[in-house]
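K.L.:
No gaps in the numbering here: position 103 of the sequence shown is 131 in my numbering, and each next residue is one more.
Beta carbons: idealized from backbone N, C-alpha and C, even for Gly.
Model, not experiment: these values are computed from the prediction.
Have a look at this one before I ask anything.
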Amino acid sequence: MIGYVTLGTDDLPKAAAFYDELFGSIGIGRFMEEENYFIAWAPAPDAPSVAVSIPFNKKPATVGNGTMVALFMESPDKVDAFHKKALELGGTDEGAPGFRPADKDSGFYAGYFRDLDGNKLNAFCMVEA
């Protein structure tokens, strides 16, 4: 159902370096870009993607309160590694990887972080209870 998600940035080169490294850590590269405007990453051109963009209206990028991008991972180990990589690249922790709620019965395992522009993301997987 989701085709792509776009996150605003005021510093495209800085955001690009962050996401090149972060998505590169799971084997995903750029698939579309327009110089000085936006860059998108996806596992394939016909798969959902995440993009960063200078706002079209040329006003400063802002973070949506309550907005979050959730990225599916295959296992808790991959969630842990992706969350760790985001923090190593200068992202900030918004919730260490673990089960939500804090028991394994839910099967929902996620780690939350903010990128360099303050956009909130999480890496998650579903684990059989």
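Would you list the residues sitting across from residue 77 in a DSSP beta bridge?
P.N.:
What you label residue 77 is simply residue 49 of the sequence shown in a count that begins at 1. Per DSSP, 32.
K.L.:
Please name the residue in 122, 155, 130 whose C-alpha comes closest to that of residue 139.
P.N.:
Counted from its first residue, the sequence shown places residue 139 at position 111. Checking every option, the nearest Cα to that of residue 139 belongs to 122.
K.L.:
For residue 65, name the three-state secondary structure that DSSP assigns.
P.N.:
If you number the sequence shown from 1, residue 65 lands on position 37. If DSSP states are grouped into helix, strand and coil, residue 65 belongs with coil.
K.L.:
Per DSSP, which residues does residue 151 bridge with? Please list them.
P.N.:
In the sequence shown, counting from the first residue as 1, residue 151 sits at position 123. Note: residue 151 sits in a beta bridge opposite 99, 139.
K.L.:
Which two residues bound the contiguous beta strand (DSSP E) that contains residue 127?
P.N.:
One-based indexing of the sequence shown puts residue 127 at position 99. Element bounds for residue 127: 120 to 127.
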